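Numbering (our numbering), first residue to last: 2 to 199. Even glycine gets a Cβ: it sits at the ideal position worked out from N, Cα and C. Given the structure is predicted, the values throughout are model-derived calculations rather than measurements.
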Amino acid sequence: MTYSATTKSTKHVPQRSCTVCRVKADKPDLIRIVRSPEGLAVIDTAKKLPGRGAYICPDSECIERARKSGKLANAIGTVIGEDFWPELLSYAENFSVSKDVKIRSVLGLARKSGTLLVGTENIERERRKVLVMTASDCSEGVKRFAASRENIALGMGSDELSEVIGARGGVQIVGLPLASGFAKKIMSLNIAERGNAI
Ligand SMILES: [Zn+2]
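Written out as structure tokens, the structure reads:
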């Protein structure tokens, strides 16, 4: 697999999957929860504690799903008390993750839910207004296609974009209906990072 020199993946950071949404991310960008010797769920802030652990996105949606589904409790093999969840939520809020990591996670979820439009044809077929996102190495044609729409240039090349959404490769552009929660999330991340509206 080839990566453009500007992507993070060239650093070979170990990858882990979120126990809840299964999205793969760099290990430092996920929160590790471990079962303590006393059988309690503990946030492994240094990611060094021994014991049965599991990873989760620093995302309130994943945390809420973990609470409701019991997936995190199953993964670490213990019962998780109700008082643990607010602690995990506030930890997640302060957890520093780059915009790109969050966008990757949203794109992965959008793909799994069937909301993500992959390629210009699918975007064109969508009747609602679409937010389009282009790979950093997309063609001039794709750039022109994007320019006439609400668009965001992603900080990843097409190989990485394809991998993020579980496609075979060569994906240069993806889209999300502007009215969808996924598009709103991505726009809010983008605005938060740049400090201005797109
Ligand atoms: Zn997740």
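For this session: Could you tell me if the beta carbon of V165 falls within a distance shorter than 7 Å of some heavy atom in ligand 1?
Result: Counting from one through the sequence shown, the residue named residue 165 turns up at place 164. Because no heavy atom of ligand 1 lies under 7 Å away, the Cβ of V165 does not count as near it: no.
For this session: Give every residue whose Cβ lies closer than 5 Å to any heavy atom of ligand 1, listed in chain order.
Result: Qualifying residues, in the order they occur: C19, V21, C22, C58 and C63.
Exercise. Of the choices E164, A26 and D45, whose alpha-carbon is the least far from that of R112?
Worked result: Mapped onto the sequence shown, residue 112 falls at position 111. Of the candidates E164, A26 and D45, the one whose C-alpha sits nearest the C-alpha of R112 is E164.
Exercise. Can you tell me whether V80 is buried or exposed, with buried defined as 16 or more other CB within 10 angstroms of its CB?
Worked result: Here residue 80 refers to the residue found at position 79 when the sequence shown is read from its first residue. Burial call: exposed.
For this session: Return the CA-CA distance between R169 and E161, expressed in angstroms with no decimal places.
Result: As a working note, residue 169 is residue 168 in the sequence shown. As a working note, residue 161 is residue 160 in the sequence shown. Roughly 11 Å between the two C-alpha positions.
For this session: Would you please state the rounded distance, in angstroms, between the beta carbons of G182 and V133? I believe it to be under 8 Å.
Result: Here the question's residue 182 lines up with position 181 in the sequence shown. Here the question's residue 133 lines up with position 132 in the sequence shown. Their Cβ separation, rounded to whole angstroms, is 17 Å, which puts G182 and V133 out of contact at 8 Å.
For this session: May I ask which residues mark the beginning and end of the alpha helix (DSSP H) holding V175?
Result: Here the question's residue 175 lines up with position 174 in the sequence shown. Taken as a continuous stretch (DSSP letters only), V175 belongs to no alpha helix (DSSP H), being part of the beta strand (DSSP E) at I174 to P178.
Exercise. Per DSSP, what kind of secondary structure is A111 in: helix, strand or coil?
Worked result: Position 110 of the sequence shown, counting from 1, holds the residue named residue 111. Residue state for A111 is assigned as helix, using DSSP reduced to three classes.
Exercise. In whole angstroms, what is the alpha-carbon distance linking G71 and I77?
Worked result: Taking the sequence shown and counting its residues from 1, one reaches residue 71 at position 70. Taking the sequence shown and counting its residues from 1, one reaches residue 77 at position 76. Roughly 10 Å between the two C-alpha positions.
Exercise. Where does L117 sit, in a helix, a strand or coil, going by DSSP?
Worked result: As a position in the sequence shown, residue 117 is number 116, starting the count at 1. Residue state, collapsed to three classes: coil.
For this session: Taking 8 Å as the threshold, find out whether the segment 48-66 comes into contact with the segment 30-39 through three or more Cβ pairs.
Result: yes
Exercise. So what does DSSP say about M188, is it helix, strand or coil?
Worked result: Here residue 188 corresponds to residue number 187 of the sequence shown, with the count starting at 1. M188 falls in the helix class under three-state DSSP.
For this session: With DSSP as the reference, please indicate the residues paired to T135 in a beta bridge.
Result: Residue numbering aside, residue 135 sits at position 134 when the sequence shown is read from its first letter. Paired residue(s): A154 and I174.
Exercise. Which class does K25 belong to by DSSP, given the choice of helix, strand or coil?
Worked result: Locating residue 25 in the sequence shown gives position 24, counting from the first residue. Three-state DSSP puts K25 in a strand.
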